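When the letters of the first sequence are read in order and numbered with the UniProt record's numbering, they come out as residues 1 to 298.
Below is one structure, written out as structure tokens; the observations come after it.
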Amino acid sequence: MLDHSGSPLASSLHEPVLRWYDANARVLPWREPGAGAWAVMVSEFMLQQTPVNRVLPAYRSWLERWPKPVDLAAAAPGEAVRAWDRLGYPRRALRLHAAAQAIVERHGGEVPDDHAALLALPGVGTYTAAAIASFAFGQRHAVVDTNVRRVLARALTGVAQPSISPTAADQRLATSALPADEPTAARWAVASMELGALICTARTPRCADCPIRSRCAWVRAGSPPYDGPPRRGQTYEGTDRQARGRLLAVLRAASAPVSKDMLDASWPDAVQRERALDGLVADGLVEPLARKRYRLPE
DNA sequence: CATTCGTGGAT
DNA sequence: TATCCAAGAAT
């Protein structure tokens, strides 16, 4: 019998982290027992690069308006973009809408429980497919997000920060750290992620409150500082992304098609503004109409 | 493997 | 004030 529980060190983390989670997990709507796979899926899309606190209100109104995939699938994609509000990365709204349509067409309107089927949906990558399969269906998958990568980098590898971008090595490490049985693996997935979100944070980890500090390879090594290549910060002021955001904000706020003049007023640099607008149209986030008017896609 | 893609709170 | 960074995906 092959032992899938990985190294003794990894498996020694399970009990303390699971107990910590039972006592300290945040109460979040998508974790409620009756939430359902669609609720989990909506939350996962919104949480891709957006903090929990900003997601909560949008999540609630979204599910109230579109309680099932078929409801969203029947709506105009522009309505999804509008309801996305200012969560950021509005292409996620478009992809969630497209995923809802795919679920209706390919899966009878029910979120599939199969990892490969999930992965085939628009906007669902390795992380999100594993997250839905694990959180909504209790399956055993390595759910590797930025929190888990950081927890494992510190606890097992002994370094302050994980690699800048996810690697195959991260996946292997997370898989080797997975408890052998399915229900425990599913609990470990949320618990290790929550530990990264609340205790083993990027900036100032709260090691004093950490349930595995005595076993943590990084702490045992004296918490050495990060020594890898510089992590390049994201500038935002004056970027195309900011220009796109301004243009889209005008269109979200409008209930009727907007004139080009209106859009021109939202960003000073004409060259950049045109490039941003073309990009939005190419991405399907904006629909050009006759007489230089624009709206969210219908 | 590196870039692009929003937004705003925390430090 | 400037920087960091937050449950990634697509290209």
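A virtual CB, placed ideally from N, CA and C, is assigned to each residue, including glycine.
Since this is a predicted model, take the numbers as computed values, not measurements.
Same chain only: Cβ atoms within 6 Å of residue i, ignoring 5 sequence neighbours per side
i, result
"His4", "Bear in mind that the predicted position of His4 carries a pLDDT of just 44, short of 50, making it unreliable; the figure below should be weighed with that in mind. Cβ within range, chain order: Ala180."
"Val143", "Ala130, Ala131, Ser134, Ala189"
"Leu56", "none"
"Thr175", "Ala142"
"Ile199", "Arg206, Asp209, Cys210"
"His115", "Ala129, Ala133"
When the options are compared against residue i, the one with the closest alpha-carbon
i, options, result
"Trp66", "Val55, Ala39, Gly108, Arg92", "Ala39"
"Gln48", "Glu237, Glu15, Ala129, Asn24", "Ala129"
"Gly109", "Asp278, Ala99, Pro8", "Ala99"
"Arg92", "Pro122, Val159, Pro162", "Pro122"
"residue 334", "Leu118, Val159, Thr157, Pro166", "An answer regarding residue 334 cannot be provided, because it is not within the stretch 1 to 298 covered by the chain."
"Gln242", "Met262, Cys216, Gln272, Ala253", "Gln272"
"Gly284", "Ala254, Ser259, Tyr21, Arg244", "Arg244"
"Pro87", "Ala58, Val27, Asp113", "According to the sequence displayed, residue 87 carries Leu and not Pro. Nearest option by C-alpha distance: Ala58."
"Ser192", "Ala153, Val111, Ser165, Gly34", "Ala153"
"Arg95", "Ala80, His107, Val104, Asp85", "Ala80"
"Gly36", "Arg54, Phe137, Thr167, Arg106", "Phe137"
"Ala290", "Lys260, Arg275, Pro166", "Lys260"
"Pro166", "Pro224, Thr126, Met41", "Thr126"
"Pro224", "Ala23, Ala253, Met262, Thr157", "Thr157"
"Tyr89", "Thr50, Ser12, Glu32", "Thr50"
"His107", "Ala254, Val70, Ala75", "Val70"
Exposure label - residue i; buried when at least 16 CB within 10 Å
i, result
"Asp145", "buried"
"Gly78", "buried"
"Leu178", "buried"
"Ala102", "buried"
"Gly222", "exposed"
"Glu64", "exposed"
"Glu44", "buried"
"Ala282", "exposed"
"Arg203", "exposed"
"Ala185", "buried"
According to DSSP, residues forming a beta bridge with residue i
i, result
"Phe289", "Checking the sequence shown, residue 289 turns out to be Leu, not Phe. Paired residues: Arg293."
"Ser259", "Arg293"
Nonlocal neighbours in the same chain, by C-beta distance under 8 Å from residue i, ignoring five residues either side
i, result
"Val286", "Leu247, Leu248, Leu251, Leu277, Leu280, Tyr294, Arg295, Leu296, Pro297"
"Val169", "According to the sequence as given, residue 169 is Ala; it is not Val. Closer than 8 Å at the Cβ level, and outside the excluded window around Ala169, lie Ser163."
"Asp264", "Ala270, Arg273"
"Ala256", "Arg295"
"Cys60", "The question names Cys, but residue 60 in the sequence shown is Arg. Excluding positions up to five away in sequence, the list reads Pro29."
Beta-carbon contacts of residue i that lie in its chain and below 7 Å, excluding the five residues immediately before and after
i, result
"Gly196", "Asn147, Val148, Arg150, Val151"
"residue 361", "Nothing about residue 361 can be read from this structure; the chain reaches only from 1 to 298."
"Cys207", "Arg213, Val219"
"Val258", "Val250, Leu251, Arg293, Tyr294, Arg295"
"Ser266", "Arg246, Leu247, Val250"
"Tyr226", "Ala160, Gln161"
"Lys68", "Trp38, Gly109"
"Met262", "Val250"
Integer-rounded CB distance, given that residue j should sit under 8 Å from residue i
i, j, result
"Leu9", "Arg215", "7 Å"
"Leu72", "Val52", "No, Leu72 and Val52 are not in contact; Cβ-Cβ is about 22 Å, not under 8 Å."
"Ala155", "Ala217", "6 Å"
"Gly233", "Gln161", "Not a contact, Cβ separation roughly 14 Å."
"Val42", "Trp62", "6 Å"
"Glu182", "Ala25", "The pair is not a contact, with the Cβ atoms about 20 Å apart (cut-off 8 Å)."
"Arg187", "Asp240", "Actually they do not touch by this definition, with Cβ atoms about 42 Å apart."
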